[in-house]
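Trainee:
In the working numbering, the protein residues as written are 475 to 851.
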């Protein structure tokens, strides 16, 4: 087990923010090049841009910088980012959570877009992808769902969240979500990306595994792509959002607000329930592993085995686990019961957050520009 000194935590947090800032600057430059027509246009341009951004900027670049600046091997980095095996129950729970996050995404996006529209903002978007061929559906699933789910989670819920966890898990979750929202560089996406980022960060910490966050992210993006193509190709549920929008726009305002509020409350309640189920799956799996782990002694017959005493390991798992907090009297709020206990927390100095603030300023300025652009167009 690797033990961190105050100095190593200091350097690690500083370097994590520096790595993120470099990635954000490169991403911003790619967005500028793409908007100015310096990249290939059309589907070929979309493919090149997605590969450069997702694989190049959000995966390979932070992977290289982290291994170089912090000194971790790729294998250790993936382990520190909690790329752990998961069972089928965890996969199914994560899929349901992804569907629920999609509805939360719609609710937050609709509310925030309404607020922006009230201020005079007009959404300026491209013509959209009018190619609804089946081959393009699978291509968009890869570009819009698969790549972002893996690469963006690797950076935000992997390198950033795990790299700054010594600040405190709540702060780490909020910071990673804020950066995730700002990295979209779009005022219409910032709010819901931040909210979804909070959920993804919480799930990654509670499950001590990055794969549930990847699955949730994938499902959220997949449903968006599917419904777009389903509407054009007449697939199942293709007109569901349009029918819902028509029903809400034609109804009484008070009644629509009431129904929408009830629906969102139910969605949030289900989200909490399935996060709890995910937590139980993760906790029980790790406790059972600690209890039932059996070691085979060397140089003895195959039928003979030595069961190692796991008492100390189980005690450490239950009392100092990153999965279970039994010190109820120290809880600030109910969320603390499933958030990791912190034996020690590093108090971040202002100099440690130089690149964090640089990232926030850069992301905020670009996001503000998209808002101003929406006001004047």
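Every residue, glycine too, gets a C-beta built ideally from N, C-alpha and C.
Can you give the Cα-Cα distance for residue 798 and residue 845, rounded to whole angstroms?
Mentor: By 1-based counting over the chain shown, the position of residue 798 is 324. By 1-based counting over the chain shown, the position of residue 845 is 371. No answer about residue 798 holds up, because its pLDDT of 47 lies below 50 and its placement is not dependable.
Trainee: Helix or strand or just coil, what does DSSP make of residue 596?
Mentor: Stepping through the chain shown from its first residue, residue 596 is reached at position 122. Coil, per DSSP.
Trainee: Touch check for the segment 682-697 and the segment 563-576: three-plus C-beta pairs under 8 Å?
Mentor: With the cut-off at 8 Å, the segment 682-697 and the segment 563-576 touch.
Trainee: Assign residue 555 to one of three DSSP states: helix, strand, or coil.
Mentor: Here residue 555 corresponds to residue number 81 of the chain shown, with the count starting at 1. If DSSP states are grouped into helix, strand and coil, residue 555 belongs with coil.
Trainee: What is the rounded straight-line gap between the Cα of residue 849 and the Cα of residue 577?
Mentor: On the chain shown, residue 849 is found 375 positions in, with the first residue counted as 1. On the chain shown, residue 577 is found 103 positions in, with the first residue counted as 1. Answer to the nearest angstrom: the Cα atoms are 28 Å apart.
Trainee: Residue 834 and residue 633: beta carbons closer than 8 Å?
Mentor: Counting from 1 along the chain shown, the entry for residue 834 is found at position 360. Counting from 1 along the chain shown, the entry for residue 633 is found at position 159. Cβ atoms of residue 834 and residue 633: not closer than 8 Å.
Trainee: Are the segment 661-675 and the segment 636-652 touching, with three or more C-beta to C-beta distances below 8 Å?
Mentor: yes
Trainee: Using a threshold of 8 Å, state whether the C-beta atoms of residue 862 and residue 500 are closer than that.
Mentor: What the structure shows of the chain is the stretch from 475 to 851, and residue 862 is not part of that stretch, so it cannot be assessed.
Trainee: Taking only runs of the alpha helix (DSSP H) that begin and end inside the segment 630-705, which ones reach a length of at least 4 residues, in chain order?
Mentor: 643-656, 661-681
Trainee: State the CB to CB distance for the pair residue 841 and residue 537, rounded to an integer number of angstroms; the pair is presumed to be in contact (CB under 8 Å).
Mentor: Taking the first residue of the chain shown as 1, we reach residue 841 at position 367. Taking the first residue of the chain shown as 1, we reach residue 537 at position 63. No, residue 841 and residue 537 are not in contact; Cβ-Cβ is about 26 Å, not under 8 Å.
Trainee: Quick check on residue 709: does DSSP put it in helix, strand or coil?
Mentor: As a first step, residue 709 is located in the chain shown; it is residue number 235 there, counting from the start. In this structure, residue 709 counts as coil in the three-state DSSP scheme.
Trainee: Nearest CA to the CA of residue 544: which residue from 712, 486, 612, 665?
Mentor: Stepping through the chain shown from its first residue, residue 544 is reached at position 70. Per the Cα distances, 486.
Trainee: Where does the unbroken alpha helix (DSSP H) through residue 845 begin, and where does it stop?
Mentor: On the chain shown, position 371 is the one that residue 845 refers to. Residue 845 -> alpha helix (DSSP H) spans 828-850.
Trainee: Please list the terminal residues of the continuous alpha helix (DSSP H) segment that includes residue 610.
Mentor: Here residue 610 refers to the residue found at position 136 when the chain shown is read from its first residue. Element bounds for residue 610: 608-614.
Trainee: Hey, residue 739 and residue 555 are a contact pair by Cβ (cut 8 Å); roughly how many whole angstroms apart?
Mentor: The sequence position of residue 739 within the chain shown is 265, counting from 1. The sequence position of residue 555 within the chain shown is 81, counting from 1. With a Cβ gap of about 34 Å, residue 739 and residue 555 do not count as contacting.
Trainee: Please name the residue in 662, 606, 626, 542 whose C-alpha comes closest to that of residue 596.
Mentor: Counted from its first residue, the chain shown places residue 596 at position 122. Looking at the Cα atoms, 662 is the closest of the given residues.
Trainee: Could you tell me the alpha carbon to alpha carbon distance between residue 625 and residue 713, rounded to whole angstroms?
Mentor: Position 151 of the chain shown, counted from the start, is the residue given in the question as residue 625. Position 239 of the chain shown, counted from the start, is the residue given in the question as residue 713. Each residue's Cα considered, the two are about 31 Å apart.
Trainee: Determine the burial state of residue 825: buried for a count of at least 16 other Cβ atoms within 10 Å of its Cβ, exposed for fewer.
Mentor: As a working note, residue 825 is residue 351 in the chain shown. Residue 825 comes out exposed.
Trainee: When DSSP labels each residue in this structure, what does residue 738 get in the three-state scheme?
Mentor: Reading the chain shown from its first residue, position 264 is the one you call residue 738. Note: residue 738 maps to helix in three-state DSSP.
Trainee: To which residues of the same chain is residue 505 closer than 7 Å at the C-beta, ignoring the five residues directly before and after it?
Mentor: In the chain shown, counting from the first residue as 1, residue 505 sits at position 31. For residue 505, where only same-chain residues beyond five positions count, the Cβ hits under 7 Å are 659.
Trainee: Please give the ranges of any alpha helix (DSSP H) in the segment 494-569, keeping only runs that are unbroken, at least 4 residues long and fully inside the region.
Mentor: 516-524, 535-543, 548-554
Trainee: Whose C-alpha, out of 558, 820, 616, is nearest the C-alpha of residue 522?
Mentor: Here residue 522 refers to the residue found at position 48 when the chain shown is read from its first residue. Checked all of 558, 820, 616; the closest Cα to residue 522 is 616.
Trainee: Which term fits residue 726, buried or exposed, when burial requires 16 or more other beta carbons within 10 angstroms of its beta carbon?
Mentor: Taking the first residue of the chain shown as position 1, residue 726 is located at position 252. Residue 726 comes out exposed.
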